[in-house]
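Trainee: I am attaching a structure below and will ask some questions about it afterwards.
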Amino acid sequence: MNYEMVVYILLNVAKIEGVLMLIPGIVSLIYGEYDVAKTIFLIAIFFAAVGFLFTIKKPRKSDIFAKDGLFIVGIAWIAFSIIGALPFYLTGSIHGFINAFFETVSGFTTTGSTILTDIEALPNGIQFWRAFTHWIGGMGVLVFVMAIIPLAGSRSMNIMKAEIPGPTVDKIVPKAKQTAKILYFIYIGLTILQILFLMAGKMPLFDSIIHAFSTAGTGGFSNKANSVGHYDSAYIDGVITIFMILFGINFNLFYLAILKKFKRIFQSEELRAYLAIIAVSTILITFNIRHMYPSLMKAFRYASFQVASIITTTGFMTADFNVWPMFSKAILMLIMIVGACAGSTAGGLKVSRILIMGKHIKSEVKRMIHPRAMVGVTIDKKPVEASVISSVLAYCLMYFSLIVISFLLISLNEFDFETSLTSVITCINNVGPGISNIVGPTGNFSTFSGFSKLVLSFDMLLGRLEIFPILLLFSPRMYKRRF
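Quick look at the structure:
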């Protein structure tokens with residue numbers, strides 16, 4: 058392993074995070090929160106200075122192998138979360154470092170679960186940093202760094218592969234740094250567009266930025282206790298619903314749209330399946346909750362918002378879906394697990410994995426009926442390699458195994474079955490709210506023990522980085538074997 062390059066990249070990460078922290082510091086100054094601003098600036102300047110000082114000279118060997126990429130991503134996200142927790146903890150906005158760490162991990166992993174009971178009491182600078190963590194983490198911490206500075210030359214793709222969610226990662230253009238820049242160009246453009254649309258609906262500028270950051274990262278942190286429901290606006294609900302769905306789409310497809318290759322976009326099986334799941338789920342829930350609302354259109358408004366919020370693992374709320382009929386809650390639970398598209402900012406298993414598994418099962422059934430038939434799995438009329446199918450099956454096995462293990466650990470809190478299970482599922486899928494009175498859309502995770510918060514923080518990291526970069530940190534063989 059190229060440890061010199063690993064340290065170099067981690068110091069660059071600390072440097073960039075320090076620079077990024079200057080922004081919430083400036084926000085605090087604008088709102089006259091001078092003590093908060095002073096604390097944030099001190100943290101920011103320290104890490105920026107240390108990073109700049111020790112990254113002046115680049116290592117002689119800059120190669121990054123596959124295992125280096127996995128190691129760097131795993132360590133970088135943990136380090137980024139620890140540093141990111143300091144503004145919450147040192148300003149006194151969140152009491153206890155474990156609580157601050159949980160909130161920060163929830164932010165960077167775009168989960169949206171919270172331990173806060175009085176969100177609106179937070180200083181504006183801290184509110185901004187809280188939502189900004191979603192925006193930074195949405196596209197990926199290291200992808201963000203790569204878009205700004207060169208890291209590992211021709212081997213940078215090994216970092217992107219370890220960080221961007223989905224069974225496979227493709228370059229948009231030949232160089233990884235150019236790919237990162239294009240991804241962020243699209244990301245920033247969509248974010249600005251949403252801010253403008255929200256302001257057109259008379260949402261204040263600050264609130265528009267907060268909710269656009271959270272939507273872009275599919276995270277769900279709001280600066281209002283009642284989330285998006287605070288505004289009680291069909292227009293705002295509609296805008297956020299559309300943008301949640303957009304941010305759940307593979308960003309490669311947006312690049313194809315820029316190139317006007319619309320035929321290739323509509324050929325995407327994952328996109329078609331994703332939109333179909335949203336449409337069917339919305340229709341079923343709308344008619345299931347129709348009796349709870351004064352009109353069919355209002356039922357549709359709440360159903361479509363919550364379906365978009367849950368499948369994209371954003372976690373915003375406009376209604377307490379915990380009081381909806383069991384059928385609707387069951388649908389939300391299923392799409393919570395499915396998630397959105399690979400290559401998006403959303404969590405979950407990903408629609409592409411569901412497609413691959415479904416087609417693999419279908420091919421195995423055909424092979425049993427016709428043993429001599431040449432049966433394969435194709436996505437978008439392209440054959441899926443056996444190694445990809447194996448990795449998908451391995452991922453799904455690890456995914457459900459970790460849910461079981463985490464559920465057993467969380468059960469030590471002596472909460473009810475629904476709370477214990479959905480708290481794990483919502484964290485590992487980076488959704489935010491669970492389905493119970495305690496961790497539901499109107500609840501939070503403040504009553505969980507410190508141990509449980511660490512377990513759930515671990516689950517959030519596992520879910521965002523798709524398990525292996527974190528698990529491999531605990532494998533001794535990783536530090537010896539070259540792959």
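Position in the sequence shown (from 1) plus 57 gives the number in the numbering used here.
Using N, Cα and C, we set each Cβ at its ideal position, and we do this for glycine too.
#1: Who are the near neighbours of Pro231 in its chain, counting only those whose CB is closer than 6 Å to its CB and skipping five residues on each side?
#2: Can you tell me whether His191 is buried or exposed, with buried defined as 16 or more other CB within 10 angstroms of its CB?
#3: Let me know the alpha helix (DSSP H) ranges lying completely inside the segment 376-442, each 4 residues or longer, listed in chain order.
#4: Do you know whose CA, among Ile66, Ile151, Ser163 and Ile132, lies nearest Lys118's CA?
#5: Please confirm whether Gly182 and Ile102 have their CB atoms less than 9 Å apart.
#6: Please name the residue, chosen from Leu454, Val408 and Cys453, that lies closest to Ile436 on a Cα-to-Cα basis.
#7: Do Ser463 and Ile485 count as a contact pair if the criterion is CB distance below 9 Å?
#8: Rounded to whole angstroms, how far is the Cβ of Ser338 from the Cβ of Ile388, which I believe are closer than 8 Å?
#9: In the structure shown, what three-state DSSP assignment does Gln251 receive?
#10: Tell me whether the segment 160-169 and the segment 259-266 touch, counting them as touching only if at least three CB pairs, one residue from each stretch, are closer than 8 Å.
#11: For the alpha helix (DSSP H) that Leu110 lies in, which residues bound it at each end?
#12: For the alpha helix (DSSP H) containing Tyr65, list its first residue and its last residue.
#13: Got a sec, what are the start and stop residues for the alpha helix (DSSP H) Val364 sits in?
#14: Report the option in Val445, Arg429 and Leu469 whose CA atom is closest to the CA atom of Phe508.
#15: Helix or strand or just coil, what does DSSP make of Ser325?
#16: Which one of Val445, Leu459, Ala399 and Ala403 has the shortest CA to CA distance from His417?
#17: So for His268, helix, strand or coil by DSSP?
#18: Restricting to Cα atoms, I'd like to know which of Ala105, Leu240 and Gln324 is closest to Gly400.
#19: Around the C-beta of Gln324, are 16 or more other C-beta atoms found within 10 angstroms, so that it is buried, or is it exposed?
#20: In this structure, how does DSSP classify Thr161 when only helix, strand and coil are distinguished?
#21: When you compare only the Cα positions, how much space is there between Ile73 and Thr371?
#22: What number of angstroms, rounded off, separates the C-alpha of Val285 from the C-alpha of Met414?
#23: Tell me the rounded alpha-carbon separation between Thr504 and Ile172.
#24: Does the distance from the C-beta atom of Gly405 to that of Ile460 stay below 9 Å?
#25: Quick check on the burial criterion: 16 or more other C-beta atoms within 10 angstroms. Buried or exposed for Leu316?
#26: Between the C-alpha atoms of Leu466 and Val512, what's the straight-line distance to the nearest angstrom?
#27: If contact is defined by three or more beta carbon pairs under 8 Å, each pair taking one atom from either stretch, is the segment 78-90 in contact with the segment 128-139?
#28: Using CA atoms only, rank isn't needed, just tell me which of Leu450, Val380 and Met425 is closest to Asn494.
#29: If you drop the 5 nearest sequence neighbours on each side, which residues of the same chain put their C-beta closer than 6 Å to that of Leu303?
#30: Where does Leu518 sit, in a helix, a strand or coil, going by DSSP?
#31: Would the segment 88-95 count as touching the segment 106-115 if we require 3 or more Cβ pairs under 8 Å?
#32: Can you give the Cα-Cα distance for Glu480 and Asn487, rounded to whole angstroms?
#33: Using the C-alpha atoms, what's the distance from Tyr146 back to Gly210?
#34: CB-CB under 7 Å to Ser150, same chain, minus the five flanking residues each way: which ones, in chain order?
#35: Less than 9 Å separating the beta-carbons of Thr343 and Phe300?
#36: Grab the span of the alpha helix (DSSP H) containing Pro526 for me, first residue to last.
Mentor: Inspection of the coordinates gives the following:
#1: The predicted model places Pro231 with a pLDDT of 48, which falls under 50 and marks its position as unreliable; any figure quoted below should be read in that light. Same-chain partners within the cutoff: there are none.
#2: With a threshold of 16 other beta carbon atoms within 10 Å, His191 meets it and is buried.
#3: Whole alpha helix (DSSP H) segments, 4+ residues: 383-395 and 408-426.
#4: By alpha-carbon distance to Lys118, the top candidate from Ile66, Ile151, Ser163 and Ile132 is Ile66.
#5: Contact: no.
#6: Measuring C-alpha to C-alpha distances from Ile436 to each of Leu454, Val408 and Cys453 identifies Val408 as the nearest.
#7: Cβ distance < 9 Å, so Ile485 and Ser463 count as in contact.
#8: Between the beta-carbon of Ser338 and that of Ile388 there is about 5 Å, and that keeps the pair under the 8 Å contact cut.
#9: Three-state DSSP puts Gln251 in a helix.
#10: A contact between stretches requires three or more CB pairs, one per stretch, nearer than 8 Å, and the segment 160-169 fails this requirement with the segment 259-266.
#11: Start and end: Tyr91 to Phe111.
#12: Residues Tyr60 to Ile87.
#13: Unbroken alpha helix (DSSP H) run through Val364: Leu353 to Ile368.
#14: Phe508 has its Cα closest to that of Leu469, out of Val445, Arg429 and Leu469.
#15: Collapsing the DSSP output to three states places Ser325 in coil.
#16: Residue Val445 is the option with its Cα nearest to His417.
#17: Helix.
#18: In terms of Cα proximity to Gly400, the closest of Ala105, Leu240 and Gln324 is Leu240.
#19: Gln324 is exposed by the Cβ-count criterion.
#20: If DSSP states are grouped into helix, strand and coil, Thr161 belongs with the helices.
#21: Take the alpha-carbon of Ile73 and the one of Thr371: they are about 25 Å apart.
#22: For Val285 and Met414, the distance between alpha carbons rounds to 35 Å.
#23: Taking the straight line from one Cα to the other gives about 8 Å.
#24: No, the pair does not count as a contact, with Cβ atoms beyond the cut-off.
#25: Leu316 counts as exposed, since fewer than 16 other C-beta atoms from the protein chains shown sit within 10 angstroms of its C-beta.
#26: Computed Cα separation, rounded: 8 Å.
#27: Not touching, per the Cβ criterion.
#28: Checked all of Leu450, Val380 and Met425; the closest Cα to Asn494 is Val380.
#29: Within the same chain, no Cβ atom closer than 6 Å to the Cβ of Leu303 is found once the five residues on either side in sequence are excluded.
#30: If DSSP states are grouped into helix, strand and coil, Leu518 belongs with the helices.
#31: The answer is no - the segment 106-115 does not touch the segment 88-95, with fewer than three Cβ pairs under 8 Å.
#32: The residue asked about is misnamed: residue 480 is Ser in this sequence, not Glu. Going from the Cα of Ser480 to the Cα of Asn487 covers about 10 Å.
#33: Annotation note: pLDDT 49 at Gly210 (below 50); position unreliable, coordinate value reported separately. In a straight line, the C-alpha of Gly210 is about 37 Å away from that of Tyr146.
#34: Result list for Ser150: Leu179, Pro180 and Ile183, in chain order.
#35: No, these two residues do not count as a Cβ contact at 9 Å.
#36: It spans Phe525 to Leu528 - the alpha helix (DSSP H) in which Pro526 sits, taken as one unbroken run.
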